[in-house]
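As structure tokens, the structure follows; a few thoughts come after it.
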Amino acid sequence: MSFQRPLARRRRAVAAAGAVSAGLLVLSACDKPTPMATVTFGKDSTSVEAECYEDGKDIGKEEATKCALKKSSDTISVSQGETLRVGVDPEVADEGWSLWLNGQQVTAPFKKTYYAFEGVDLFAAQEGQPAPKTIYISVVQQNKAGTQFKGVWNFKLENADA
3 MSFQRPLARR RRAVAAAGAV SAGLLVLSAC DKPTPMATVT FGKDSTSVEA ECYEDGKDIG
63 KEEATKCALK KSSDTISVSQ GETLRVGVDP EVADEGWSLW LNGQQVTAPF KKTYYAFEGV
123 DLFAAQEGQP APKTIYISVV QQNKAGTQFK GVWNFKLENA DA
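Per this note's numbering, residue 3 is the first one in the sequence shown, and the count goes up by one each step.
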């Protein structure tokens, strides 16, 4: 009988070690979530994780531009003249971020977690062309000098007045 007791303890120890190993394996397979960015118009808002992000490493301007041109499936309906509000995680604000429209940078970098663009008319008609029905905006994490680009968050805006 005394032979059975040590054998049972060993089995439990092996089972416990196996469970811990399996748990560590599962945890190591998980990706760390990226910082978030949020866009709000009126009462509607949407938050997304980064389209491109390498855990805070520089992805370069060329890659940031490619990422800013990717079409987002996160859509928000916007009426003309509404205030655009953008919020970013503190780690994004610490480095700096700018707003891009349809793959083009339109603001200098900010170092705030929140910025409101009052009465923005993103859907204004251009010379000889009708107002667009859809616009893609991106929050791009970049330093003030524009030499490092670390992340891109994309949003799709639909013209509620079209």
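Ideal Cβ placement from N, Cα and C applies to all residues, glycine included.
Going by C-alpha to C-alpha distance, which of Trp102, Asp60 and Lys114 sits closest to Pro92?
Lys114
Among Thr48, Asp46, Thr67 and Gly83, nearest to Cys54 - alpha-carbon criterion
Thr67
Near Lys59, what residues of its chain come up, given a Cβ to Cβ distance below 8 angstroms and the 5 sequence neighbours on each side ignored?
Lys152
Specify the secondary structure class of Val28 as computed by DSSP and reduced to three states.
For Val28, the predicted structure reports a pLDDT of 43, less than 50, and the residue's modelled location is therefore unreliable. The matter cannot be settled from this model.
Integer Cβ distance of Ser47 from Met38, believed to fall under 8 angstroms:
About 11 angstroms; that fails the 8 angstroms criterion.
Exposed or buried, which one is Glu84 when buried takes at least 16 other CB atoms within 10 Å?
With at least 16 other beta carbons inside 10 angstroms of its own, Glu84 counts as buried.
Straight-line gap, Val28 to Pro35 (C-alpha atoms, nearest Å)
Unreliable positioning characterises Val28 in this predicted model, as indicated by a pLDDT of 43, which lies under 50. A coordinate reading is not provided.
For Val122 and Lys2, the rounded distance between their alpha carbons
Only positions 3 to 164 of the chain appear in this structure, which leaves residue 2 out of reach.
Length of the line joining the Cα atoms of Val94 and Ile139
17 angstroms
Ends of the beta strand (DSSP E) at Asp1?
Residue numbering for the chain in the displayed model covers 3 to 164; residue 1 lies beyond these limits and cannot be assessed.
For Ala118, does the three-state DSSP call read helix, strand or coil?
strand
Val80 versus Ile61 - alpha carbon distance:
31 angstroms
Please report the distance separating the alpha-carbon of Pro142 from that of Gln131.
Position check: residue 142 holds Val in this sequence, whereas Pro was assumed. Distance between the alpha carbons of Val142 and Gln131: 28 angstroms.
When DSSP labels each residue in this structure, what does Thr42 get in the three-state scheme?
strand
DSSP state of Lys68 mapped onto helix, strand, coil:
Note: Lys68 maps to helix in three-state DSSP.
Identify whether Lys34 lies in helix, strand or coil by the three-state DSSP scheme.
Look at Lys34 here: in three-state DSSP terms it is coil, with no helix or strand label.
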